[in-house]
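Step one of this worksheet: look at the structure below.
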Amino acid sequence: MSVARILGLKAFRDLKAQKWQFMAVVFLVFLGVALYTSFYMSYLNLGKTYDRFYEKTNFEDLAVILNPSSPAPASLLSEVRKIDGVEEVYGRVVHYATFEREGSRITLKLLSLPDKLEVNRLVIVEGRYPEPEEKAAILLKKFADYHGIKVGESISVDIGGKRVNLKVVGLAFSPEFIWIVESGSWITTPKTFGIAYVPQKVLEDALGIGSAVSEVHVTVYDDSRTDEVLNRVTEIFADYGISASYKREYQPSNKLVKMDLDGFRELSFMFPSFFLFVSALMVYVLLSRVVREQTGSIAVMRALGYSRKDILLHYLTHSAVIGVVGSLTGVAGGYLISIFMTAEYTKLLNVPFYVAEVHGDVMLQGLAIGLIVPLVAGISTAYAASKIDPAIAMRGVSEDAKRIRLDRVFELLGRISMLTKLSLRNIFRSPRRAAYSLLGVAASVTLILASMVFLDANDFAISTQFDKITTYDMKIYTSDPEVYRAVKNMPEVQEVAKVIETWIVFEKDGVTKSSTLYAIGHDQDLLNLYDAEGRQHHPPPKGIVMPKVIASKLSVAEGESMKALTEFGRMNVRVSEIYNQPLTAACYADILNFSKKAGIEFNALLVKFRSGFEEQGKGRISDMDGIRTDSIDDLREYVDEIMTFFYVFIYFTLLFGASLGFASIFNTTMINVLERRREIATLRMLGYTTREIAFSLLIEVVVIGVIGIVVGIPLGYLAAKLLFQSFQSEMYYMPFVIYPRTYILTAAVTFVVLLASLIPGVRYVARMEIEKVTKEMVS
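Under our numbering, think of the first position of the sequence shown as 69, with each following residue one higher.
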């Protein structure tokens with residue numbers, strides 16, 4: 069029989085003899101590789117999904133948005149088409165309308181549709197494209213599904229005070245609205261807001277206007293000329309009040325999409341590193357024990373003529389088997405998880421399909437990582453095995469008699485049992501093994517805490533938003549004083565407040581940033597200003613309060629004055645204060661001062677109903693004509709709905725963190741029991757019961773667990789903070805918050821995992837064959 073075959077058979081027997089320990093290490097490698105491949109392939113799949121959707125629909129390269137109250141003549145589009153570099157142009161009219169569905173008034177953003185749409189083409193999944201003068205509409209598919217609207221139905225829409233019946237002829241997806249981001253709302257819900265495409269002529273006739281445009285969307289055939297084209301288009305429409313202009317990367321929906329992709333990419337590297345690091349430690353610990361136990365066998369093998377190279381490769385085989393099995397299963401599992409994650413995530417978005425490809429390069433990377441980590445971890449142990457001197461090894465394993473000075477500690481602790489003393493001595497007798505156990509616990513605590521921090525931050529941000537910042541029940545979009553008086557006099561209404569809500573564009577040194585501005589009064593508490601620390605602020609009598617994420621992008625300091633553009637025209641504003649607000653990045657001003665600049669008293673009303681009269685109040689206000697409304701309850705319900713995937717992901721990560729702790733502690737516990745089996749057998753012969761020995765093992769686990777938690781919590785804090793910093797953006801801010809209960813829960817979960825990992829070791833002690841172990845001791 070060849071040397072390779074003999075050593076291969078021995079390696080197989082080694083793996084079989086300690087199959088559970090090897091399986092635990094394989095599981096850790098599996099988790100690391102599966103996390104890496106699933107997250108990174110999901111990132112690539114989502115990117116390809118968006119890119120393919122954009123390519124199929126000829127997504128815009130740039131856009132110029134005009135003030136809706138002053139549209140420009142459509143004839144100016146011919147000037148845009150003459151610009152060198154322009155490929156296609158889409159100019160449209162935008163108007164807000166309302167319709168009723170099952171007793172609720174819903175706002176529709178109507179977008180005019182040309183005879184042939186060449187930019188931001190629609191993907192019609194049901195129905196057809198409308199005829200040029202047909203009183204028809206195409207609705208976004210998810211909005212129609214939410215309200216149960218079918219192709220062929222008619223909806224009665226209030227357009228500028230005129231009731232127009234529109235037949236729903238198609239359901240579609242648009243590349244502009246993968247995420248629906250609407251000015252003036254930090255989030256939109258399909259329950260109260262939708263997008264509808266209406267033939268150009270039909271919308272112009274309903275509004276009583278001539279051929280006009282209020283938005284211009286352009287594609288270019290030369291990407292290097294995008295900035296030049298955008299500047300030229302801006303110049304053409306400068307006299308009509310430009311509210312916003314942006315390139316593709318700053319298109320609101322696309323910007324959110326790209327931020328999500330960046331988040332997936334960050335996660336694909338951070339979390340797998342925990343599992344692979346701990347798996348490397350466990351490979352080292354496991355192989356060290358195998359080599360230590362087989363020192364005599366290694367001496368015999370060397371005496372029989374096996375070379376140092378044979379010994380080295382033999383023990384590297386153990387690492388290779390762990391790497392191959394863990395990485396192959398991890399890659400396969402990661403691929404399946406990536407399909408699930410891509411499919412589930414795209415269900416939240418307005419996309420007609422998803423792309424789930426086999427990314428061979430990522431799979432090869434996963435295989436390489438899963439194989440290299442165990443090999444690197446095991447090479448030092450295998451090399452040490454190859455260097456063992458046969459003559460010395462034949463004498464048996466020599467134990468270093470390390471004096472452990474714990475007597476003084478025991479005196480301080482008072483009278484404790486011998487088993488407790490043995491447990492404490494055992495921790496310090498093998499400091500290397502104890503250190504590995506501590507690292508496994510600390511890594512598990514770090515991952516669990518970092519995951520749970522997301523739950524805390526999300527809970528804090530949402531509760532601050534709905535319980536402190538937006539305490540109203542309904543928002544009414546109107547500037548009519550009669551509506552204000554009517555609402556104020558309703559018996560169901562407890563409080564009503566006037567606000568001015570507008571978009572605002574800041575410009576400094578060629579950099580422009582847009583935001584929403586709320587002008588509020590000091591005598592109301594329906595819309596409040598709170599920072600990320602939960603402190604309340606008030607807008608200054610003059611000037612504005614600006615979010616820190618925008619101020620940092622513009623390099624603006626407190627007290628600085630700058631130019632700004634709103635729907636009410638250009639104005640100079642002074643940045644009186646810079647702050648961080650959870651979730652949305654909005655600016656605030658005093659309504660008394662800002663109303664003088666805007667020339668209007670208010671353009672929205674915030675309403676708080678008396679307790680128990682919410683539904684009656686909402687019903688009465690919804691029946692009023694000429695207004696558009698948003699309900700806070702509807703928004704909160706929608707936020708909870710879209711957060712479902714987020715919570716699933718967090719619980720998924722928590723499960724992986726608990727699995728990490730279980731596998732690592734199980735391995736070190738079992739190795740501890742196996743290395744002490746002679747000692748345990750002696751205790752059994754002296755009359756100690758399985759329960760008493762299990763108690764001694766429990767003491768070790770508890771001590772290691774306590775120290776691991778103490779070390780792991782600061783590490784988890786730092787890891788979570790670094791992760792949070794990578795997720796911040798100029799569109800939203802997530803505060804870094806950890807509730808005290810989270811530390812307690814993290815410790816509790818960790819101890820549950822530690823106790824569960826102790827069960828196999830206790831079962832091994834209970835089934836131990838004392839006679840067999842005794843014979844081994846004698847031999």
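C-beta atoms are modelled at their ideal positions from N, C-alpha and C, and glycine is treated no differently.
Distance between residue j and residue i (C-alpha atoms, nearest Å)
i: Tyr807; j: Gly228; result: 50 Å
i: Leu751; j: Gly391; result: 38 Å
i: Phe261; j: Phe717; result: 28 Å
i: Val161; j: Asp593; result: 37 Å
i: Cys655; j: Pro442; result: 53 Å
i: Val358; j: Val769; result: 22 Å
i: Gly76; j: Gln89; result: 19 Å
i: Lys566; j: Leu585; result: 14 Å
i: Ser180; j: Glu201; result: 12 Å
i: Gly398; j: Val148; result: 53 Å
i: Arg376; j: Arg493; result: 36 Å
i: Leu703; j: Ile710; result: 11 Å
i: Ser311; j: Lys789; result: 36 Å
i: Leu487; j: Ala79; result: 36 Å
i: Leu674; j: Ile689; result: 12 Å
i: Ala502; j: Phe730; result: 16 Å
i: Ile775; j: Tyr374; result: 44 Å
i: Leu660; j: His590; result: 10 Å
i: Val16; j: Ile827; result: Residue 16 cannot be examined here, being either before or after the span of the chain that is shown, 69 to 847.
i: Gln86; j: Leu355; result: 11 Å
i: Met836; j: Leu329; result: 53 Å
i: Phe345; j: Ser336; result: 15 Å
Neighbourhood of residue i by C-beta distance below 6 Å, restricted to the same chain and skipping five residues each side
i: Ala212; result: Leu239
i: Lys576; result: Leu622 and Met630
i: Lys203; result: Leu234 and Val270
i: Tyr706; result: Thr257
i: Tyr383; result: Ala450 and Ala453
i: Pro340; result: Gly100, Leu103 and Tyr104
Distance CB(residue i)-CB(residue j) smaller than 7 Å
i: Thr810; j: Met338; result: no
i: Thr814; j: Ser505; result: no
i: Ser644; j: Pro608; result: yes
i: Val97; j: Ser347; result: yes
i: Ile777; j: Thr818; result: yes
i: Val617; j: Ala672; result: no
i: Leu380; j: Ala450; result: yes
i: Gly872; j: Tyr104; result: No information on residue 872 is available, as it lies outside the stretch 69 to 847 that the chain covers here.
i: Tyr598; j: Lys536; result: yes
i: Phe33; j: Phe332; result: Nothing about residue 33 can be reported from this structure: the residues present for the chain run from 69 to 847 only.
i: Glu155; j: Tyr289; result: yes
i: Tyr314; j: Leu134; result: no
i: Thr697; j: Thr634; result: no
i: Asp236; j: Ala205; result: Looking at the sequence provided, one finds Val at residue 236 rather than Asp. In contact: Val236 and Ala205 (Cβ atoms closer than 7 Å).
Alpha helix (DSSP H) segment containing residue i, residue limits
i: Arg745; result: Arg745 to Met753
i: Trp88; result: Lys87 to Thr125
i: Asp429; result: Gly428 to Ser454
i: Met409; result: Arg376 to Lys415
i: Val219; result: Val219 -> no alpha helix (DSSP H), and no H or E assigned at all.
i: Gly627; result: Run containing Gly627: none; DSSP gives neither H nor E here.
i: Lys543; result: Not the alpha helix (DSSP H): Lys543 falls in the beta strand (DSSP E), residues Met542 to Tyr545.
i: Gly829; result: Pro808 to Arg835
Limits of the beta strand (DSSP E) - the one that residue i falls within
i: Phe528; result: First-last for Phe528: Pro499 to Thr532, but that is the alpha helix (DSSP H), not the beta strand (DSSP E).
i: Ser699; result: Arg696 to Ser699
i: Tyr158; result: Val154 to Arg160
i: Glu635; result: Counting along the chain, Glu635 falls outside any beta strand (DSSP E), and DSSP gives it neither H nor E.
Close-in-space but distant-in-sequence residues of the same chain around residue i (CB under 8 Å, 5 per side omitted)
i: Glu199; result: Pro267
i: Ile174; result: Thr166, Phe167, Glu168, His215, Lys259, Thr260, Phe261 and Gly262
Opposing strand residues paired with residue i [DSSP bridges]
i: Lys576; result: Val579
i: Ser172; result: Arg169
i: Gly680; result: According to DSSP, Gly680 bridges with nothing at all.
i: Ala240; result: Ile192 and Leu208
i: Phe261; result: Thr175
i: Thr584; result: Trp571 and Ala654
i: Ile310; result: Leu134
i: Arg642; result: Ser629
Sequence-distant residues of its chain with Cβ nearer than 7 Å to residue i (five each side left out)
i: Ala657; result: Leu585, Ala587, Pro607 and Ile612
i: Thr538; result: Leu595 and Ile700
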